[in-house]
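Positions in the sequence shown are counted from 1; adding 6 to them yields this note's numbering.
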Amino acid sequence: VYEIHMVFDGHQIYECDGKSVRLGKGDFVIFPPGVRHKSLENSEDLHKYSLTFKSDFFESQKMLCGNTTDHINESLEFVAKESASPTVFSAQLCMNRIFETVILLFRLCGFKEQPQEKIVLDKNVWGDAKEKAKNFISNL
7 VYEIHMVFDG HQIYECDGKS VRLGKGDFVI FPPGVRHKSL ENSEDLHKYS LTFKSDFFES
67 QKMLCGNTTD HINESLEFVA KESASPTVFS AQLCMNRIFE TVILLFRLCG FKEQPQEKIV
127 LDKNVWGDAK EKAKNFISNL
């Protein structure tokens, strides 16, 4: 399981592979599966977001660190607001924003995707979304 921690206020110190890493406002860290780490210190005013996910798409064996962007911060604020009153549509929007955020964080660390000849959309994903929207509208 991958772990991503992003600090918005305060600071947090992690230990990973015998090294201490201090995260301050605007910093993030990505811990790949199997990378041992622990939190050593949290400031009293710490405000952070954490994400965990499984993926066969990303391949990293080491801790990755960087700085977030305004776009990433705004996306996570959007997710927090939408999550307060969840609906079928807001849940899908949040999932999309979180997926986008994960990709952008990996890109900030230098991750390069393999080029594709064309983009193919999975029909099952769109079919499920259409069915949920249809059910939602019929219940109004």
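By construction, the Cβ of each residue, glycine as well, lies at the ideal position given by its N, Cα and C atoms.
Problem set entry | Residue from 63, 20, 32 with nearest C-alpha to residue 7 | 63
Problem set entry | Helix, strand or coil at residue 23 [DSSP, three-state] | Coil, per DSSP.
Exercise. Along the chain, which unbroken stretches of the alpha helix (DSSP H) at least 4 residues long are found entirely within the stretch 42-120?
Worked result: 76-90, 94-114
Exercise. How long is the line joining the alpha carbons of residue 83 and residue 76, rounded to whole angstroms?
Worked result: Their backbone Cα atoms lie some 10 angstroms apart in a straight line.
For this session: Assign residue 102 to one of two classes, buried (16 or more other C-beta atoms within 10 Å of its C-beta) or exposed (fewer than that).
Result: exposed
For this session: List the residues that DSSP assigns as beta-bridge partners of residue 11.
Result: Assignment of beta-bridge partners to residue 11 by DSSP yields 35, 56.
Exercise. In angstroms, rounded to a whole number, what distance separates the CA positions of residue 43 and residue 91?
Worked result: 34 angstroms
Exercise. Hey, is the stretch 57-74 in contact with the stretch 16-35, meaning 3+ C-beta pairs nearer than 8 angstroms?
Worked result: Yes, the stretch 57-74 is in contact with the stretch 16-35.
For this session: Would you please state the rounded distance, in angstroms, between the beta carbons of residue 111 and residue 10? I believe it to be under 8 angstroms.
Result: 6 angstroms
For this session: Take residue 48 as the anchor and find which of 89, 119, 17 has the nearest alpha-carbon.
Result: Measuring from the Cα of residue 48, the nearest candidate turns out to be 17.
Problem set entry | Cβ-based neighbour list, residue 46, same chain, cut-off 6 angstroms, excluding 5 preceding and 5 following | Here the set comprises 19, 21.
Problem set entry | Nearest to residue 104 (by Cα), restricted to the options 40, 23, 55, 27 | 55
Exercise. Should residue 93 be labelled buried (16 or more other beta-carbon atoms within 10 Å of its own) or exposed?
Worked result: exposed
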